[in-house]
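Some notes on the structure that comes next.
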Amino acid sequence: MDEKLISVFHLQNSFPFTIQLPNFNDFFQHQIGLTLLPKKIVNISQFEIVRFLQLSQEKVSSISFQIPSKNFLFDPNKKKEYYSKFSNNKPSISKEDWLKGLNKDPNFIEFFNENENLTKNVYQIKREEDLQKIQDKQKENIPKIKESKKKQPKLNQYQSKVKHTFLTRSSQMQSFFGFETLKKEINQSNHLTSNSEYFVTHDSNQEGNLRIFNINKFGENSENNKIFSTINAHDFSITDFNLSKTNPSLLLTSSSQSQEIKLWKISSLSENPFSNVNSEMIYDPKNQENIVLIKFHPLAQDVFASGYLNHNIKLWDVSESFPKLQFDAGEDKGDLLDFEFNCNGSLISTISKNGIIQIFDPRSSEISQNTNYNEKREVARICWLGNSDQILITNMSKINRTRILLFDLRKFEIPIKKGVFQVITMILPFFDQATNLIFLAEIGSVIRYYEIVSDSEFLHFISEYQSPIQFYSINQLPKTICDFKEVEIDRFLTVSNDSIEFIKAHVFRTRKEYFQDDLFPLFPSNQISTLNSQDYFKGLNSNPVLISLKPDDMIPLSQAPEKVENEMIEKKEEEEINDDFVLKKWSEVISLYEEEPKENLKNIIEDFEWDD
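Numbering (my numbering), first residue to last: 2 to 613.
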């Protein structure tokens, strides 16, 4: 032993009597002293056979020598060889007897119990003994527990196919950046609209301008690479804007100050973006109220609705410059906060500042459902849960408390579910009908998502996503743009200070080579118009077209062959190599390395792969 090196030898009864084992070399510590510790303190569970204490100039540290674990896995009886009887360092003879000339062998103890299998170490035996004591104690307390224990309700367990859903940000090169954005406080408008081809946001330079992006042309904006076009929509600030889902080239904009509604027709953006963006004025001279919302009908072609601060709703045909129908909800209802079409556009739901929720067919003069939860709110959102008779409402009060209310139209008097979030911003709801997931986006950085299940709980928390950057607007994109090969179930757009990013929702699956048809059933498309404006205003309704989301080159998971569970086990067994064989062959390689060319050494161990 020198100041840094410990040489280790294995003693044998035959020639060669000593075999040198790998040395221990501590390059960072200068040894001053070294002592061997008692055998009984070694950690058998880690296959430790010897432990030293090393004294250096700075500290006292331990040095451990261990045996490769596979030595025991291949031959459990080797445990008896490495952990034979050892002295317990207790006297076996008194000093008087020794002074009389008597001798006696030391007291030896064993690591293992003779009655136990040698594959068990003393730590395992101790754990089993402790466990048995606990079980015996529990048996003694069972009668007492039964007497005092109250009857507990059974847990409502359910099987979820989306419990492994997770959200991720897009990379910078798959985002839109290189420009400043305009931060607008969320009120009636989300200040962001999108369809399968475009999305639109406010311009940061002038409030009457809008920026139109091609959803597939992401990257950095520069003088040589313009990724958006700016249009002067109104001379005054813009109240709301909305892109059509069924006709992606149509954009509606409104300004409450000028009481204007404009319809924009976007031309092809492939070569010269937005060079031919034209607009038509839609103006209602009878209207003297502020326009707060405009929304396209989900299925009827060229039909949209406008909402006003006095709670009036007007229906329009884009081919005419005056409203076709008007629904007056009454001034006593308070300011209009939000309205939303249901899945097929046959009904509209509204919510007012006074807490009044109404459901009605805008083509008639009758209110089909009406309720009041008697709470004044500053901001609110309505979300229909697919084609069901249920709506989810989020609303925020002045004291920064956001409530979530879930209503069923069949029992509309009181909500079937309530929730309260102590947050300082509004929560925007987005629903995925294919998976029954509801995403609750807290403006700022948090997106919580729940699965809606028809049981007593109804809303089951899945997880939440914390964005590393603050966003102040978010919108759900059409499902058809998702990457189904990566099991992407939803995609969102978020607007931050200097960029616009995608947030993608994935479900973890192991067999991604197959189309996950349990997550992507036939989907009701809101991109295909199923009704013309004339039939809609006559009172006719239609349902969405069901489309398949399966790529042509993928096989549905329901048709995939069953997975063989033992494949990995069999492969592992084939690749296992005995440690002794490896060490022997490797020592031959080292000894011949300087004498033989590298090509000849390949014959020593055929299983080894050499790097040139």
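Idealized CB from N, CA, C, for every residue including glycine.
Ignore the nearest five residues each way along the sequence and tell me which others in residue i's own chain have a CB closer than 7 Å to its CB.
| i | result |
| --- | --- |
| Leu188 | Checking the displayed sequence, the identity of residue 188 turns out to be Asn instead of Leu. Val380. |
| Leu338 | Gln189, Ile352, Ser353, Lys354, Arg378, Val380 and Ala381 |
| Ile453 | Leu386, Asn437, Ile439, Phe459 and Leu460 |
| Ser245 | Asn196, Leu251 and Phe297 |
| Asn14 | none |
| Pro324 | Asp285, Lys315, Leu316 and Trp317 |
| Gly633 | With the chain running from 2 to 613 in the structure shown, residue 633 is simply not present. |
| Ser271 | Note that Ser271 scores 49 on pLDDT, short of 50, meaning its location in the model is unreliable and no value can be drawn from it. |
| Thr194 | Phe200, Val201, Phe242, Asn243, Leu244 and Asn476 |
| Gly540 | Arg364 |
| Asn226 | Gly220 |
| Asn233 | Gly209 and Asn210 |
Would you kindly check if the distance between the Cβ of residue j and the Cβ of residue i is under 8 Å?
| i | j | result |
| --- | --- | --- |
| Ile352 | Ser307 | no |
| Ile33 | Leu56 | yes |
| Phe493 | Phe485 | no |
| Ser530 | Ser176 | no |
| Ser62 | Glu49 | no |
| Leu410 | Lys418 | no |
| Ser543 | Leu558 | no |
| Asn108 | Ser88 | yes |
| Ser259 | Asp236 | yes |
| Cys1 | Phe432 | Beyond the ends of the chain as shown, which are 2 and 613, falls residue 1; an answer cannot be given. |
| Ser350 | Ile392 | yes |
| Phe524 | Leu550 | yes |
Under the rule that 16 or more other beta-carbon atoms within 10 Å means buried, what is residue i, buried or exposed?
| i | result |
| --- | --- |
| Thr19 | exposed |
| His11 | exposed |
| Thr202 | buried |
| Trp99 | exposed |
| Thr511 | exposed |
| Ala561 | exposed |
| Thr166 | buried |
| Asp456 | exposed |
| Gly102 | exposed |
| Lys412 | exposed |
| Thr240 | buried |
| Gln173 | exposed |
| Pro545 | buried |
| Asp303 | buried |
| Ser223 | exposed |
Kindly identify the DSSP beta-bridge partner or partners of residue i.
| i | result |
| --- | --- |
| Gln535 | In the DSSP output, where bridge partners are listed per residue, Gln535 has none listed. |
| Ile368 | Phe361 |
| Phe297 | Phe305 |
| Ile213 | Val201 and Ser230 |
| Ala673 | Nothing about residue 673 can be read from this structure; the chain reaches only from 2 to 613. |
| Glu1 | For the chain, the structure presents residues 2 to 613; residue 1 sits outside this window and is missing. |
| Thr36 | Leu54 |
| Tyr84 | Beta-bridge pairing links Tyr84 to no other residue. |
| Pro430 | Leu441 |
| Pro525 | Leu547 |
| Gln391 | Asp409 |
| Leu326 | Leu316 |
| Val508 | Thr166 |
Starting from the C-beta of residue i, find all residues in its chain whose C-beta is less than 8 Å away, skip the five residues before and the five after it, and write them out in chain order.
| i | result |
| --- | --- |
| Ile428 | Arg382, Thr395, Met397, Thr403, Ile405, Phe422, Leu441, Ala442, Glu443 and Ile444 |
| Gln67 | Gln47, Phe48, Glu49 and Ile50 |
| Thr169 | Ile504, Lys505 and His507 |
| Phe214 | Phe177, Tyr199, Phe200, Val201, Thr202, Ile228, Phe229 and Ile501 |
| Thr451 | Looking at the sequence shown, residue 451 is not Thr but Tyr. The residues are Leu438, Ile439, Leu441, Leu460, His461, Phe462 and Ile463. |
| Asp106 | Ser93 |
| Ser497 | Thr182, Ile470, Gln471, Phe472 and Tyr473 |
| Lys572 | Bear in mind that the predicted position of Lys572 carries a pLDDT of just 49, short of 50, making it unreliable; the figure below should be weighed with that in mind. Same-chain partners within the cutoff: there are none. |
| Pro465 | For clarity, residue 465 is Glu in the given sequence; the question names Pro instead. Cβ within range, chain order: Val447, Ile448, Arg449 and Tyr450. |
Near residue i, what residues of its chain come up, given a Cβ to Cβ distance below 6 Å and the 5 sequence neighbours on each side ignored?
| i | result |
| --- | --- |
| Thr231 | Asp204, Asn210 and Arg212 |
| Cys483 | Glu489 and Arg492 |
| Phe178 | Glu221 and Ser500 |
| Lys184 | Tyr473 |
| Ile7 | Phe25 |
| Asp369 | According to the sequence provided, residue 369 is Ser. The question's Asp does not apply to it. Excluding positions up to five away in sequence, the list reads Ile360 and Phe361. |
| Gly420 | Ile405 |
| Pro416 | Leu406, Leu407 and Phe408 |
| Val9 | Leu22 |
| Lys218 | Ile228 |
Assuming residue i contacts residue j under a Cβ cut-off of 8 Å, what Cβ separation, rounded to an integer in Å, is found between them?
| i | j | result |
| --- | --- | --- |
| Ile556 | Phe516 | 7 Å |
| Ile45 | Tyr84 | 6 Å |
| Thr372 | Glu414 | 6 Å |
| Ser238 | Val293 | Contact flag wrong, Cβ pair sits at about 13 Å. |
| Asn343 | Asp329 | So it is not a contact: roughly 20 Å between Cβ atoms. |
| Lys140 | Asp519 | In fact, because the Cβ distance is near 45 Å, the residues do not count as touching under 8 Å. |
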